[in-house]
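Chemist: Below is the structure I would like to discuss, written out as structure tokens.
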Amino acid sequence: MTVTDYAEIVAALRTVPGVAEADVEPDDEGGGLGLLRLGLAPGVDEVQVASKVGRMLRERFGLGVDADQVQLIEDAETPDVPEQPGRRPIISRMQLVSSGLDVTAAVSLSYREGTVRGEATGTATQSGVQRAVATAALRAIELLIGTSARFELEHVEVTRSGSERTALVSVTMVSGTGTDRLTGSAVVREDARQAVIRAALDAVNRRLEPLLS
4 MTVTDYAEIV AALRTVPGVA EADVEPDDEG GGLGLLRLGL APGVDEVQVA
54 SKVGRMLRER FGLGVDADQV QLIEDAETPD VPEQPGRRPI ISRMQLVSSG
104 LDVTAAVSLS YREGTVRGEA TGTATQSGVQ RAVATAALRA IELLIGTSAR
154 FELEHVEVTR SGSERTALVS VTMVSGTGTD RLTGSAVVRE DARQAVIRAA
204 LDAVNRRLEP LLS
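Residue numbers (the numbering used here): 4 to 216.
So this is what it looks like as structure tokens:
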């Protein structure tokens with residue numbers, strides 16, 4: 004494929020609904036499309052976007068793309084508004100990278116003047132993504148508190164009550180004083196994944212202040 008071919012493909016990819024940015028990493032041998040990196044608009048359905056991209060490449064360029072050749076990247080700044088500024092960690096960014104059967108979540112938390120970033124990998128399913136973002140948030144918390152405690156994600160679900168959806172998270176906290184089961188919840192505003200992160204923070208926040216002081 005020529006440079007012009009790649010430029011045409013990238014331009015076409017950017018017209019697919021839900022795709023905010025696109026890039027193609029050429030095949031090392033120069034005979035195929037190589038790796039697609041697609042930046043997604045916040046809150047879009049990754050599966051639907053991947054399906055539209057695959058269909059467009061087949062119909063317009065006659066190209067077939069395996070799932071392992073596509074990275075779907077959602078990078079959203081998610082500034083939260085703390086009730087008491089500086090006393091508890093708040094979400095500053097969420098990034099999701101889907102590739103093949105896996106998704107890698109990275110959650111950045113702001114606390115006082117600094118930022119920590121936790122990562123976790125899960126399956127590329129709705130429940131897998133929710134568990135990955137919650138676990139990534141817990142890993143970030145662990146970076147803040149050092150060796151004071153460890154957190155294990157036990158359960159994640161998003162429930163509906165009337166017109167409102169709520170994220171529920173259950174966490175086990177292990178510290179020098181023993182083991183505790185913690186639960187947290189958060190109303191889904193626009194993005195269920197961000198609500199899951201807030202629910203994970205809600206579960207552990209009450210135990211954090213002594214560890215962060």
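We put the CB at the ideal spot given by N, CA and C, even for glycine.
All values reported here derive from a predicted model rather than from experimental measurement.
For residue 121, count neighbouring Cβ atoms within 10 angstroms of its own Cβ and tell me buried if that reaches 16, exposed if not.
Modeler: Buried, since its Cβ has 16 or more Cβ neighbours within 10 Å.
Chemist: Tell me which residue opens and which closes the beta strand (DSSP E) that residue 189 is part of.
Modeler: Segment 181–190, the beta strand (DSSP E) holding residue 189.
Chemist: Checking 9 angstroms against the spacing of the C-beta atoms, do residue 106 and residue 59 come in under that value?
Modeler: Contact flag unset, no.
Chemist: In three-state DSSP terms, what is residue 161?
Modeler: Strand at residue 161.
Chemist: Go to residue 53, then tell me how far its beta strand (DSSP E) extends in each direction, as first and last residue.
Modeler: Here residue 53 belongs to no beta strand (DSSP E); instead the alpha helix (DSSP H) covers 49–64.
Chemist: Which partner residues does residue 169 have in the DSSP bridge list?
Modeler: BP columns for residue 169 point to 162 and 190.
Chemist: Going by beta carbon distance, what residues of the same chain come within less than 7 angstroms of residue 46, once the five residues before and after it are set aside?
Modeler: Within the same chain, residue 46 has close Cβ partners 193 and 194.
Chemist: Reducing DSSP to helix, strand and coil, say where residue 69 ends up.
Modeler: Residue 69: coil per DSSP, three-state reduction.
Chemist: Out of 189, 76 and 26, which one is the CA nearest neighbour of residue 163?
Modeler: Residue 163 has its Cα closest to that of 189, out of 189, 76 and 26.
Chemist: Are the beta-carbon atoms belonging to residue 110 and residue 94 less than 9 angstroms from one another?
Modeler: Contact flag set, yes.
Chemist: Are the CB atoms of residue 130 and residue 49 nearer to each other than 9 angstroms?
Modeler: The answer is no: Cβ separation not under 9 angstroms.
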